[in-house]
Amino acid sequence: MADTLSIVDNRTGKTYELPIEHGTIRATDLRQIKTGPDDFGLMTYDPALLNTANCRSAITFIDGEKGILRYRGYPIEQLAEDSDYLETAYLVLFGELPTAAQYQTWTRDITHHTMLHENLKKFMEGFRYDAHPMGIFLSTVGALSTLYPDSKHIFDEGSRLLQTRRLIAKVPSIAAYAYRHIIGRPYNYPDNDLSFTGNFLNMLFKMTELKYQPNPVLARALDVLFILHVDHEQNCSTTTMRTIGSSHADPYVSLAGAAAALYGPLHGGANEAVLRMLAEIGSVGKVPEFIQKVKNGEGATRLMGFGHRVYKSYDPRAKVIKRIADLVFSVTGKNPLLEIALELERIALQDEYFVSRKLYPNVDFYSGLIYQAMGFPVEMFPVLFAIPRTAGWIAQWEEMLLDSEQKIARPRQVYAGASTRNYVPRDRR
Ligand code: CMC
């Protein structure tokens, strides 16, 4: 059996044979299919790239039907159980788990870059008291580009590694400053004696105590949440990172664009939207009424935290999160909205509307409940998503840069506007 596709163009009667590789044909192979010499050649029309592979990638594997997620071949459940965020970030970025010595060096390197330039602090102070922290976050990440002009040397491996360390280390510091800004408290400097997430908690929550002692359960829970969010192949924000990066823009501005894409309520803003939805429902008794509203499509209401473009079964990340929620609640006390979430899930999972559309809880359904119980305001949720996703964005950006088949992203269009017409002077329209 040949790995080819035979196409008959009924407009011309000609037959074409296209190679099939990895279950795909090359869209550019279709260009030879023409009706005549003036014809541009056949294209595919694929709004939102629903069925187009935009790249080859060796980073993340997802089987949406079976609910499988692996980074560099390692199942997400194993990493969530045994690894930590910095080790997983290393794996995703460099392709292999670090040796003990590599892990030690990597941790030290990241720790030494957590400090932010004082100019950046002044920049952040300029935001209004009620600025959304995600707006502060992505603007500040973009502003890093002005502080590190050496980041323009994107084809210099050493420079890329330096920017990678800076970004992984500084995004939690920026996130913590953004949080302190919106609650009107002085910014805390990093404490390099603490772990990655322990220091993050310190920068967020330290008050007047001389040494902040992070709660180990909360620090570990945050670590697991970070592991789950490191990468998710070619989603909206990762595609944005690759697209901006394909113009050879520096990693800071590319990452600011990716964070902007993550901000939207259909992507990383969904965990924030889930909490607002649960608060709006208000009580367990009102759940059936809300489900009915979603099914009727009233006010374009969706069940936030449900459904996924790729997962057509339970999101494996949601399963892990549900487990660690109990751990967190044992320290913080139960989030009162949990009962509403559990009831929503129970009803939705047996309702024909959700079952027939294969709508299951995604990563965002329970993560917000944990973040809220830990004391984060809902506006911080997408920022908490952006911190670990930084590792995935950089890995994908670098893979794109080093891929000899990649070029500046430039999709085609089907022009559907007016044909040529002559300009009419304003007084004659
Ligand atoms: N609630 C109610 N109906 C839904 C939902 C939902 N959450 N999601 C999809 N549907 C329906 C949709 O109306 C459509 O029905 P019909 O065929 O009758 O028109 C059908 O299911 C297919 O939906 P779709 O819009 O074609 O699916 P999509 O792949 O374009 O959208 C999604 C994926 C995640 C944007 C969507 O499921 C959604 O809006 N979910 C809520 C937002 C959310 O939780 N986002 C977080 C995604 S996971 C984290 C991340 O990676 O960012």
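Residue numbers for the sequence shown follow my numbering, beginning at -10 and rising by one. Heads up, the beta-carbon is just placed ideally off N, CA and C, and yes, glycines get one too. Predicted model, so just to flag it, every value in this text is computed and none were measured.
Sequence-distant partners of MET363 (beyond 5 residues in either direction) whose C-beta falls short of 7 Å from its own C-beta, in its chain, are LEU207, VAL317, THR321.
Taking 8 Å as the upper bound for CB-CB distance, ALA330 and LEU391 are not in contact here, some 42 Å apart. Membership of GLU6 in any alpha helix (DSSP H) is not indicated; the residue belongs instead to the beta strand (DSSP E) covering 3 to 8.
The Cβ atoms of ARG231 and MET389 sit closer than 9 Å to each other.
Cβ contact annotation for GLY173 (same chain, cutoff 8 Å, sequence separation greater than five): TYR118, in chain order. CA-to-CA, the gap between TYR176 and ALA120 works out to about 16 Å. For SER(-5), the pairing in a beta bridge is given by DSSP as GLU6. The C-beta of GLU261 has 16 or more other C-beta atoms within 10 Å across all chains shown, which makes the residue buried.
Counting only the Cα atoms, THR186 lies some 34 Å from ASN43. For PRO8, the closest alpha carbon among the candidates ARG0, ILE(-4), TYR60 is that of ILE(-4). Across the set LYS200, ALA259, GLY84, THR96, the C-alpha of GLY84 shows the shortest separation from the C-alpha of GLY62. A straight-line Cα-Cα distance of about 14 Å links ALA398 and ALA37. Counting along the chain, PHE116 sits inside no beta strand (DSSP E), nor does DSSP assign it H or E at all. Here the alpha carbons of VAL276 and SER46 stand approximately 41 Å from one another. Of the heavy atoms belonging to the ligand CMC, none sits nearer than 8 Å to the Cβ of MET123. Contact between the region 244 to 251 and the region 365 to 382 is present, with at least three C-beta pairs closer than 8 Å. DSSP assignment within the region 352 to 400 yields the following whole alpha helix (DSSP H) runs of 4 residues or more, N-terminal first: 353 to 362, 370 to 390. The three-state reading of DSSP puts PHE29 in coil, since its state is none of H, G, I, E or B. As a beta-bridge residue in DSSP terms, ASP52 pairs with ILE57. For the set ARG346, PRO350, SER345, SER319, the Cα lying nearest the Cα of GLU332 is the one of PRO350.
Note: THR409 is not bridge-paired with any residue in the DSSP secondary-structure output.
Each of GLY357, ILE383, LYS282 was checked against the Cα of LEU244, and the nearest Cα belongs to ILE383. Rounded to the nearest whole angstrom, the CA to CA distance from HIS297 to LEU348 is 7 Å. Between LEU82 and ARG0, the alpha-carbon positions lie close to 48 Å from each other. When the Cα atoms are used, SER148 and THR103 turn out to be separated by approximately 17 Å. The region 293 to 310 makes contact with the region 62 to 82: 3 or more CB pairs, one atom from each, lie closer than 8 Å. TYR63 sits in a strand when the DSSP states are folded into three classes.
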